[in-house]
Structures are given as structure tokens and as C-alpha cells.
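Asks:
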Amino acid sequence: MYVTDNQNNRLIEPYLKFATRKFIKKNTILYTQGEVGQGFYYILDGMVKISTLDFKKNCRILDISASGKLIGEQSLTGHPYFTTATVIKDSVLYYFTIQTYNQFLQVNPDIRNFITKSILGKVKLHVSDLNVKSFPTENQVAFYLLRLLDIFSQDKINLTQQELAKYTGLTRITIYRILKKWEEVGILSIKNRKIFIHKPEILKQYVDSQYSSY
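Numbering of the sequence shown is given in numbering that gives the first Met the number 0, commencing with residue 0 and proceeding in unit increments.
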């Protein structure tokens, strides 16, 4: 699930008193790629875009993290952040410093399992992305639109076509061509730089047909 994870909330709730509660405005950058981190964040309510620059300085959106998720856990290793985190809607976050984490780790080592679960979930996400890259382009776009529906938890995806191109790794021209085709047959519509999904069941058929071919 990409929407609020109640189980995660229950697991981390006892530790929130050790963190700093922050109200973060939309478009705020929490940390940047290459910066040496001093802590990590828990998203109580909100949404954060996770992006990275490749060696050609091309931007790729790796994930949209929503309520109930951790971001920036790589700071615990002492290494620089390998992504940039940007708040894309007004959010309530809790910031844990590395020092604070190490302190309550001594009291309750079970918190390590929560961190590990978060990291493994992200690894699985990227492995899934690698598998999807073998799909035809329309099937790829269908897959990512369904994932975004889950993340945004509504029929409106608050991303532009350019951002969708960065999220899928496809070209903007490819995204435009596919979305225009699907808009003409009523699968979706585009208004005010947002994508509205009207027939998710058809997108699911694109994805299911691909998985059934394996």
C-alpha cells in the first residue's frame, strides 16, 4: 500500500516523542542528492517526491512517498543521500536525528526491524521497476498510472506529463502520445496539468495481460 499505513503508524507512534514535528510547505526541499545526512523523516501526513540525477544530469523520479512512510534512512549509514526529497503537498513530518535513533535503539532494538522493513520495501519497488521495463511502452504507462492511483488514493494524479515521463523513464513525446490516445477513448482526461483516470479497469487489463504472458 502507498496510502496511509496504519500498521506503520502504530509501530512508530511510541518513538514520535523523540522526534521533531515539522509542518513543511509544498515545494520545500528536505535534502539533496550528495548531501551528508544527519537524520531521516517519517511522513505522518503528506507526500514527498523522491528523485535522483544520473551521470548525464537527467532527473528521474524514483518514488512518491506518502503518509506512513520513512524517507532518508540512508543517513543512518553515514553516507550522503543518493536522492533528493521534495515535498509536493503541505505535510506533517517527524524528523529523527541519527543520535536520537541510536539512543532509542538501545532501549528498544525492535525499531531496527521497522527501518529494515522500509528499506526492503524500497528495494522491492525498484526490482519491480526493472521487471516493468521489459513491458511494451503502453503497458508500462498503465502500470505506473495504477501505482500512482494507489499513492494518491484518488482518481486524480497530481503530476504533469513531464513529471510522469521522469517517473516512468520514458520520453515526454511517448507519454504525450499514449495519454492523448487514451484520452480520445475516454480512459483518462487531462485538466489543469493533472491526470484524471476514468477507467482504471482498462489500465489493469494492460498490466494483467503482460503478467499473464510470463
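Glycine included, C-beta positions come from ideal geometry on N, C-alpha and C.
Please report the distance separating the alpha-carbon of Ile60 from that of Asn26.
Replies: 15 Å
Asks: Can you grab the Cα-Cα spacing for the pair Arg171 / Tyr30, in whole Å?
Replies: 26 Å
Asks: Which ranges does the alpha helix (DSSP H) cover as unbroken runs of at least 4 residues, wholly within the segment 121 to 199, from first to last along the chain?
Replies: 136 to 151, 160 to 167 and 171 to 183
Asks: Just verifying my parser: in three-state terms, what is the DSSP assignment at Thr85?
Replies: strand
Asks: For the candidate residues Gln209, Ile114, Lys203 and Leu147, whose alpha-carbon lies nearest to that of Phe195?
Replies: Cα-wise, what sits closest to Phe195 is Leu147.
Asks: I need the DSSP call for Ser66, collapsed to helix, strand or coil.
Replies: Here Ser66 sits in coil by DSSP.
Asks: Going by C-alpha to C-alpha distance, which of Arg192, Tyr205 and Gly168 sits closest to Ile186?
Replies: Tyr205
Asks: So what's Thr115 in DSSP terms, helix, strand or just coil?
Replies: helix
Asks: Below 6 Å CB to CB, which residues in the same chain sit around Thr99 once its five sequence neighbours on both sides are set aside?
Replies: Phe17
Asks: Please classify Asn191 as buried or exposed, where buried requires at least 16 other C-beta atoms within 10 Å of its C-beta.
Replies: exposed
Asks: Let me know if Val184 comes out buried or exposed under the rule of 16 or more other beta-carbons within 10 Å of its beta-carbon.
Replies: exposed
Asks: Does the count of Cβ pairs from the segment 83 to 103 and the segment 39 to 47 closer than 8 Å reach three?
Replies: yes
Asks: Rounded to the nearest angstrom, what separates Pro13 and Arg20 at their Cα positions?
Replies: The straight-line gap from Cα to Cα measures roughly 14 Å.
Asks: Taking Ala84 as the reference, give the member of Ile49, Gln160, Gln153 and Gly36 with the closest Cα.
Replies: Ile49
Asks: By the DSSP assignment, the beta strand (DSSP E) with Tyr40 in it spans what residues?
Replies: Unbroken beta strand (DSSP E) run through Tyr40: Gly38 to Leu52.
Asks: Less than 8 Å between C-beta atoms, sequence neighbours within five positions excluded: which residues of the same chain meet that for Leu145?
Replies: The beta carbon of Leu145 sits closer than 8 Å to the beta carbons of Pro199, Leu202, Lys203 and Val206 from its chain, once the five residues preceding and following it are set aside; these are given in chain order.
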